[in-house]
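Enquirer: For reference, each letter of the sequence shown is one residue, going 12 to 512 in the numbering used here.
Cβ coordinates follow ideal geometry from the N, Cα and C atoms, glycine included.
Here the structure is a predicted model, which means the values were calculated and not measured.
Below is a structure I'd like to ask you about.
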Amino acid sequence: MVSIPSKAPRQSLTVIDNRTGQAYEVPITHNSVLATDIKKIKAPAGQDRAEDETEQGLRVYDPAYMNTAVITSRITYINGLDGILRYRGYPIQQLVKKSNFLETAYLLLYGELPTKSQYDNWNNEIMHHTFIHSDIENMFKTFRYDSHPMAMLSSAFATMGAFAPEANPSLAGQKLYTNAAKGDMEALKVLDKQILRIIGKAPTLAAASYRMRQGRPFNRPAQGLSYTGNFLYLLDYLSGHEYQPHPVLEKALDTLFILHADHEVNCSTATVLQVGSSLVDPYSVVAAGCSALYGPSHGGASESAIRMLMEIGSPENVPAFMEKVEKRERVLVGFGHRVYKNVDPRSTAIRELAEEVFEVTGRNKLLDTAMTLADYARKSEFMKSRNLYPNVDFFSGLIYQAMGIPLDVFPVLFAVPRCVGWLAHWRQMMLNPAGVKIWRPRQLYLGEGERDYVETADRKENPKASVFDAPVQVSHGGDSKRMELATYKDERGQTWGKSKL
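Written out as structure tokens, the structure is:
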């Protein structure tokens with residue numbers, strides 16, 4: 012790229028297409044250019060393939076959205092170079108010290124910190140919507156005893172949509188939610204009621220997935236406890252009266268919920284917006300978000316980080332493990348971030364929180380290994396050159412483990428607060444006055460050009476084919492072996508036996 016100085020700076024980009032000699036002036040707004048403006052740069056078909064569609068305009072190729080803004084938003088701001096995270100303009104550090112999760116949830120969804128009366132009403136409404144239908148409890152009981160809690164939670168959110176037909180645009184009308192942007196108060200009521208339902212019921216569903224995994228009966232939501240206090244009750248209560256969670260653990264969980272509530276257009280939020288752009292109901296949207304969050308590169312990272320620390324075992328094993336990392340023989344989990352090229356501001360808050368929790372629960376046995384690993388990363392040129400600093404997953408897993416949370420429940424604890432961020436972005440999309448366009452990314456097609464169908468008898472195996480170009484041989488269970496040895500007739504009366512299978 013050549014830099015050409017201009018005597019008269021203006022908010023635009025001048026592009027010269029060397030294929031045609033044509034110059035284009037592309038407006039710059041908020042330090043961005045419209046991809047559709049780039050599409051105006053066209054050239055006649057030349058040496059390109061027909062599939063490159065040259066005459067239809069230039070396309071922007073951006074694998075994994077490395078530098079593509081897909082929405083305008085007023086919710087969360089991240090500056091990865093300086094390690095800044097703000098919810099609606101408020102620094103995350105201030106919210107962690109002064110706010111609570113439900114207040115922060117209101118802020119993310121509605122743009123301002125609530126007044127006392129607004130907060131009291133908000134809190135009452137959320138806690139009023141904590142119960143789930145008994146048939147959803149029965150749905151949980153259909154899972155295998157060893158099902159992953161996140162798989163159960165994803166299914167539970169999708170199931171909830173079946174219990175609210177009035178909230179389904181496929182049944183109640185395509186513009187059920189988008190009409191709210193035009194001032195339709197009934198549509199806005201339906202929209203906000205689903206938000207109350209999802210935030211209120213998320214801890215109940217999450218706790219049910221945990222209790223199912225433990226083989227314990229489900230608890231009913233408790234009255235008079237805080238949002239996170241009620242969640243701990245749903246997780247842990249067995250018998251007795253006047254249950255009260257430990258205040259340090261209750262506060263710690265509330266703080267972790269604030270830190271995990273939103274993080275701009277991450278993988279799961281992008282999934283929520285992609286799915287939401289089809290105008291499907293919000294329960295399906297949140298279920299899709301859970302499925303994205305489930306992955307080990309996203310919400311499952313804290314679980315993976317603890318498993319890595321357990322494998323390392325002790326501080327003296329850190330150098331040998333890091334040698335393998337630097338040789339790219341092992342993957343380092345809990346360090347680095349797609350956005351942050353500096354210290355993750357959430358990890359700083361969590362480190363302080365960890366000490367408070369350890370005073371109550373006892374020091375996590377993995378902490379010394381974790382701190383040795385973090386110190387190694389701080390001094391290592393390999394790590395510094397790649398901007399690999401501890402992220403939120405590295406320390407949150409230590410706290411969850413110290414609190415006695417099983418590893419496979421970690422992503423569930425991530426999903427409960429992240430519902431707020433997902434819903435805030437979904438609500439913002441539904442209330443866009445310009446309407447909602449379905450997301451439909453483009454691709455660069457690199458496959459075969461047009462070719463004619465080949466009859467079966469004339470086909471030959473591709474001599475350049477690799478292991479990826481056909482199904483691999485899969486193993487079958489013992490019942491398949493027995494069926495292979497048996498003889499039977501199919502529905503057409505044809506006899507089958509070992510020689511024909």
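Which residues bound the alpha helix (DSSP H) around Ile82?
Expert: Taken as a continuous stretch (DSSP letters only), Ile82 belongs to no alpha helix (DSSP H), as it is neither H nor E.
Enquirer: Roughly how many angstroms lie between the CA atoms of Leu343 and Asp386, to the nearest whole one?
Expert: Each residue's alpha carbon lies about 14 Å from the other.
Enquirer: Determine the direct distance from the alpha carbon of Ala272 to that of Arg99, and round the result to whole angstroms.
Expert: Cα-Cα distance, rounded: 12 Å.
Enquirer: For Tyr244, tell me which candidate among Gly226, Tyr221 and Asp63 has the shortest Cα-Cα distance.
Expert: Answer by Cα proximity: Tyr221.
Enquirer: Using the C-alpha atoms, what's the distance from Thr282 back to Arg374?
Expert: C-alpha separation (whole angstroms): 37 Å.
Enquirer: Closest by CA to Thr42, which one among Val431, Thr79, Arg493 and Ser279?
Expert: The sequence as given places Asn at residue 42; Thr does not occur at that position. Checking every option, the nearest Cα to that of Asn42 belongs to Thr79.
Enquirer: Measure the Cβ-Cβ separation of Tyr130 and Glu114 and say whether it is below 8 Å.
Expert: In this structure, Glu114 lies closer than 8 Å to Tyr130 by Cβ.
Enquirer: Quick one, which of Met319, Asp355 and Met150 has its alpha-carbon nearest Gly94's?
Expert: Per the Cα distances, Asp355.
Enquirer: Could you name the residues of the same chain whose beta carbon sits closer than 7 Å to that of Phe154, not counting the 5 residues immediately before and after it, in chain order?
Expert: So the list reads Met163 and Met223, once near-sequence residues are dropped.
Enquirer: Using only CA atoms, which one of Thr65, Val336, Glu123 and Ala360 lies nearest to Leu455?
Expert: Closest option to Leu455, Cα to Cα, is Thr65.
Enquirer: On the CB-based measure, 16 or more other CB atoms within 10 Å of its CB, does Ala381 come out buried or exposed?
Expert: Ala381 should be labelled buried.
Enquirer: Tell me which residues share the same chain as Lys212 and place their Cβ nearer than 8 Å to its Cβ, disregarding the 5 neighbours each side in the sequence.
Expert: Cβ neighbours of Lys212 beyond the five flanking positions: His140, Thr141, Phe142, Ile143 and Met171.
Enquirer: Within the stretch 157-221, note down every full beta strand (DSSP E) run reaching 3 residues or more, in order along the chain.
Expert: Fully enclosed beta strand (DSSP E) runs of 3 or longer: not present.
Enquirer: Quick check on Pro3: buried or exposed, where buried means 16 or more other Cβ atoms within 10 Å of its Cβ?
Expert: The question about residue 3 has no answer, for the chain in this structure spans 12 to 512.
Enquirer: Between Gln68 and the rest of its own chain, which residues show a CB-CB distance below 7 Å, the 5 nearest in sequence each way excluded?
Expert: For clarity, residue 68 is Gly in the given sequence; the question names Gln instead. Taken in chain order, the residues that qualify are Lys50, Lys51, Ile52 and Lys53.
Enquirer: Tell me the DSSP bridge mates of Val26?
Expert: The partner list for Val26 (beta bridge, DSSP) reads Tyr35.
Enquirer: I'd like the span of the beta strand (DSSP E) that includes Ile89, first residue to last.
Expert: Run containing Ile89: Thr87 to Asn90, per the beta strand (DSSP E) assignment.
Enquirer: Using three-state DSSP, classify Trp433 as helix, strand or coil.
Expert: If DSSP states are grouped into helix, strand and coil, Trp433 belongs with the helices.
Enquirer: Label Ser302 either buried or exposed according to how many other C-beta atoms from any shown protein chain fall within 10 Å of its C-beta, with 16 as the threshold for buried.
Expert: Classification for Ser302: buried.
Enquirer: Based on the DSSP output, what are the partners of Ile95 in its beta bridges?
Expert: For Ile95, which the question treats as bridged, DSSP gives the partners Asn90.
Enquirer: For Glu367 and Val259, what's the separation of their Cα atoms in angstroms?
Expert: Going by the C-alpha atoms only, they are around 7 Å apart.
Enquirer: Span of the alpha helix (DSSP H) holding Tyr130?
Expert: Where Tyr130 is concerned, the enclosing alpha helix (DSSP H) stretches over Lys127 to His139.
Enquirer: What are the boundary residues of the alpha helix (DSSP H) that includes Arg493?
Expert: Note, Arg493: alpha helix (DSSP H), Gly489 to Leu496.
Enquirer: Nearest-angstrom Cα distance between Lys511 and Asp157?
Expert: At Lys511 the pLDDT is 49, less than 50, meaning the model places this residue with poor confidence; the figure from the coordinates comes in the next sentence. If I take the Cα positions, the gap works out to 38 Å.
Enquirer: What does the Cβ neighbour count give for Arg503, buried or exposed, with the cut at 16 atoms within 10 Å?
Expert: It is exposed - the Cβ of Arg503 has fewer than 16 other Cβ atoms within 10 Å.
Enquirer: For the alpha helix (DSSP H) holding Thr280, just list the boundary residues, first then last.
Expert: Start and end: Cys278 to Gly287.
Enquirer: What residues in its chain sit with their C-beta under 6 Å from that of Asp404, if we drop five residues either side in the sequence?
Expert: Cβ within range, chain order: Ala312, Ser313, Ala316 and Gly345.
Enquirer: What residues in its chain sit with their C-beta under 8 Å from that of Cys430, if we drop five residues either side in the sequence?
Expert: Cβ within range, chain order: Ile209, Ile210, Ala213, Val297 and Gly300.
Enquirer: What do you reckon, are the CB atoms on Asp48 and Val37 nearer than 8 Å?
Expert: For Asp48 and Val37, yes; Cβs fall inside 8 Å.
Enquirer: Quick one: is Val13 buried, meaning 16 or more other Cβ sit within 10 Å of its Cβ, or exposed?
Expert: Note that Val13 scores a pLDDT of 49, beneath 50, so its modelled location is shaky and nothing firm can be said.
Enquirer: Do three or more CB pairs link the stretch 252-271 to the stretch 232-243 at distances below 8 Å?
Expert: Counting Cβ pairs under 8 Å, three or more are found: they touch.
Enquirer: Tell me the rounded alpha-carbon separation between Ala331 and Glu337.
Expert: Spanning the two alpha carbons is a distance of roughly 10 Å.
Enquirer: Please look up how many angstroms separate the CB atoms of Ala191 and Met441, rounded, as I've assumed it's under 8 Å.
Expert: Sure, about 6 Å apart at Cβ, within 8 Å.
Enquirer: On the criterion of 16 or more Cβ atoms from any shown chain inside 10 Å, does Gly194 qualify as buried, or is it exposed?
Expert: With fewer than 16 Cβ atoms within 10 Å of its Cβ, Gly194 is classed as exposed.
Enquirer: Exposed or buried, Phe479, counting other C-beta atoms within 10 Å across all chains shown (16 or more means buried)?
Expert: Flag for Phe479 reads exposed.
Enquirer: For the candidate residues Gln285, Asp419, Tyr294 and Leu384, whose alpha-carbon lies nearest to that of Met161?
Expert: Closest option to Met161, Cα to Cα, is Asp419.
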